[in-house]
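Heads up: the sequence shown begins at 1281 in the numbering used here, then just goes up one per residue.
For glycine and all other residues, C-beta sits at the position ideal for the given N, C-alpha and C.
None of these values were measured; they are calculated from a predicted model.
What follows is one structure encoded as structure tokens, with my remarks underneath.
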Amino acid sequence: MRFNLFKTFKLTWWQASLFKLSAVSFGVIISPYFQDLFRGIEPFLWILLIVSGLYIAYIWLKQ
């Protein structure tokens, strides 16, 4: 099986929103500037990042 990292796939509007939420969560987690500001919700951001990232990966591999 050949793995194509750059294949084309389609997302619905809510799947694209989930992808964007995942990207924003990742950015907030790695950003030292926002780290202290979002320290209280960091576990929630990790969960959001992992769940939405896995879901997008599932959709991407399924198509």
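Helix, strand or coil at residue i according to DSSP, with G and I counted as helix
i     : result
F1289 : coil
L1317 : coil
Q1295 : helix
F1283 : coil
S1311 : coil
Residue from the options with nearest C-alpha to residue i
i     : options                    : result
W1326 : F1286, Y1338, V1304        : V1304
W1294 : G1307, Q1343, I1309, Y1335 : Y1335
Distance, residue j Cα to residue i Cα
i     : j     : result
S1302 : L1328 : 7 Å
F1283 : G1333 : 18 Å
A1337 : F1299 : 10 Å
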